[in-house]
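**Student:** In my numbering, the protein residues as written are 692 to 1039.
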Amino acid sequence: MNPYILAILLFGLGLGTTITFASSHWLLAWMGLEMNTLAIIPLMAQHHHPRAVEATTKYFLTQAAAAATLLFASVTNSWLTGQWEIQQITHPLPSAMITLALALKIGLAPLHAWLPEVLQGLDLTTGLILSTWQKLAPFALILQLQPSNSTLLIILGLTSTLIGGWGGLNQTQLRKILAYSSIAHLGWMILILQFSPSITLLTLLTYLIMTFSTFLVFKLNKSTNINTLATSWAKAPALTALTPLILLSLGGLPPLTGFMPKWLILQELTKQGLAPTATLAALSALLSLYFYLRLSYAMTLTISPNNLTGSTPWRLPSTQLTYPLATSTAMTICLLPLTPAISALLTS
């Protein structure tokens, strides 16, 4: 892709998200979301491959449907209450419609079916943008909506954690596994949203760091399915040794960073008298943990069926940047001891 065009598209992505962040009016927020969608579509379709085109079409249709619902709901709210303010959604009907439209935008279950299919058709770099940056703008709107419809948020959250765990169990494609992992993590965030927005922000932050690390590892190894992971030990032995820690951090095992948000969420849910919800969420985390363990096993404890010679006679030097991966890996593995400091920063 022409670097000038790429720069314009990335600028459009950034500007769309920034407009949504800064807006207090529904029309402006909607416009930011539309700019975001239109800027990422050429990035998704840049590889002229039938799967990429199919994924782009599916993405465009779901995002257009969500944006239309959002616009309809905000116009309905304006008609019922005379308000265009984002924080003035008082009527339950537009509130529920907007929540569902934003849930479709980010891929919360049961409105999640597009996400694994779309992610599977993209390359890992665009998939990373879709899994991280594209979640920010809708999330900013959900955070401003949150005092309303609490039951709907809990249902969406629990369904997402369960489907995110179950859906990934039978997958062999890494991008689909990461899509279900994304659905499960978003479920955790939505679950705690109305009780503690600061914990939701913390969960989103750790999710972004861990997902960034995981995508970069797969990109460095050029892996798109479980079988190709088994060849990674010959390419990057040190990284292969660290990858299980990244994956188990995504699964939420102590003493890794991923344990921090799950621990705080379960604690807060129990404080709010929602012990059954907390128990269901914790059990659904076990489902996710199973497929992360599967990936760890495939990567570090199996040898590829192809007869790789012990030492490769030559290999082209890698041109990929490893500093971002090194930084995010360190954060993915080591941030748990800083939990009190991070919590204090987010609540202040």
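The beta carbon of each residue, even a glycine, is placed where N, CA and C say it ideally should be.
Quick caveat: nothing in here was measured; it's all calculated off a predicted structure.
(1) Buried or exposed, going by whether 16 or more other CB atoms sit within 10 Å of the CB of Ile890?
(2) In whole angstroms, what is the alpha-carbon distance linking Ala755 and Ile846?
(3) Buried or exposed: which applies to Leu865, given that a residue is buried once 16 or more other Cβ atoms fall within 10 Å of its Cβ?
(4) Per DSSP, Glu776 forms a beta bridge with which residues?
(5) Under a three-way DSSP split, which group does Asn840 fall into?
(6) How long is the line joining the alpha carbons of Ala720 and Ser872, rounded to whole angstroms?
(7) Check whether the Cβ atoms of Leu704 and Ile731 lie closer than 8 Å to each other.
(8) Do the CB positions of Ser975 and Thr852 come within less than 8 Å of each other?
(9) Alpha carbon to alpha carbon, how far is Leu806 from Gly858? Give it in angstroms, no decimals.
(10) Over what stretch of residues does the alpha helix (DSSP H) that includes Gln811 continue unbroken?
(11) Out of Leu718, Lys826 and Pro829, point me to the one whose CA is closest to Trp775's CA.
(12) Please check the pair Leu799 and Leu877, which I expect to be a contact at CB under 8 Å, by giving their CB distance rounded to whole angstroms.
(13) Evaluate the contact criterion for the stretch 812-832 versus the stretch 943-954: three or more CB pairs, one atom per stretch, below 8 Å.
(14) Which residues does DSSP pair with Asn916 in a beta bridge?
(15) For the alpha helix (DSSP H) that contains Leu1016, what are its first and last residues?
(16) Under 7 Å from any heavy atom of the ligand ATP, does the C-beta of Met1022 make it?
(17) Along the alpha helix (DSSP H) that carries Pro1008, what are the first and last residues, could you check?
**Tutor:** For this structure:
(1) Numbered from 1 along the sequence shown, position 199 holds the residue referred to as residue 890. Counting C-beta atoms within 10 angstroms of its own C-beta, Ile890 has 16 or more neighbours from the protein chains shown and is therefore classed as buried.
(2) The residue given as residue 755 occupies position 64 in the sequence shown. The residue given as residue 846 occupies position 155 in the sequence shown. C-alpha separation (whole angstroms): 24 Å.
(3) Translated into the one-based positions of the sequence shown, residue 865 becomes position 174. With 16 or more other Cβ atoms within 10 Å, it is buried.
(4) Taking the sequence shown and counting its residues from 1, one reaches residue 776 at position 85. Note: Glu776 sits in a beta bridge opposite His716.
(5) The residue you call residue 840 lines up with position 149 of the sequence shown. Asn840 carries a coil assignment under DSSP once its states are collapsed to helix, strand and coil.
(6) As a position in the sequence shown, residue 720 is number 29, starting the count at 1. As a position in the sequence shown, residue 872 is number 181, starting the count at 1. Each residue's alpha carbon lies about 27 Å from the other.
(7) Here residue 704 corresponds to residue number 13 of the sequence shown, with the count starting at 1. Here residue 731 corresponds to residue number 40 of the sequence shown, with the count starting at 1. It is a contact, given that the beta carbons lie within the stated cut-off.
(8) Taking the sequence shown and counting its residues from 1, one reaches residue 975 at position 284. Taking the sequence shown and counting its residues from 1, one reaches residue 852 at position 161. Yes, the pair counts as a contact, with Cβ atoms nearer than the cut-off.
(9) Within the sequence shown, the letter at position 167 stands for residue 858. Within the sequence shown, the letter at position 115 stands for residue 806. A direct Cα-Cα distance of roughly 12 Å separates Gly858 from Leu806.
(10) Indexing the sequence shown from 1 puts residue 811 at position 120. Segment Trp805 to Gln811, the alpha helix (DSSP H) holding Gln811.
(11) On the sequence shown, position 84 is the one that residue 775 refers to. Here the closest residue by C-alpha is Leu718.
(12) For the purposes of this step, residue 799 is identified with residue 108 of the sequence shown, where counting begins at 1. For the purposes of this step, residue 877 is identified with residue 186 of the sequence shown, where counting begins at 1. Rounded, the Cβ-Cβ distance is 6 Å, consistent with contact.
(13) Fewer than three pairs of CB atoms, one per stretch, sit closer than 8 Å, so the stretch 812-832 makes no contact with the stretch 943-954.
(14) Within the sequence shown, the letter at position 225 stands for residue 916. Asn916 is bridged to Gln864.
(15) The residue you call residue 1016 lines up with position 325 of the sequence shown. First-last of the alpha helix (DSSP H) with Leu1016: Tyr1014 to Cys1025.
(16) Summarising the ligand content, the structure contains no ligands, and the ligand ATP is consequently not present.
(17) Taking the sequence shown and counting its residues from 1, the one referred to as residue 1008 is at position 317. From DSSP, Pro1008 is part of no alpha helix (DSSP H); its letter is neither H nor E.
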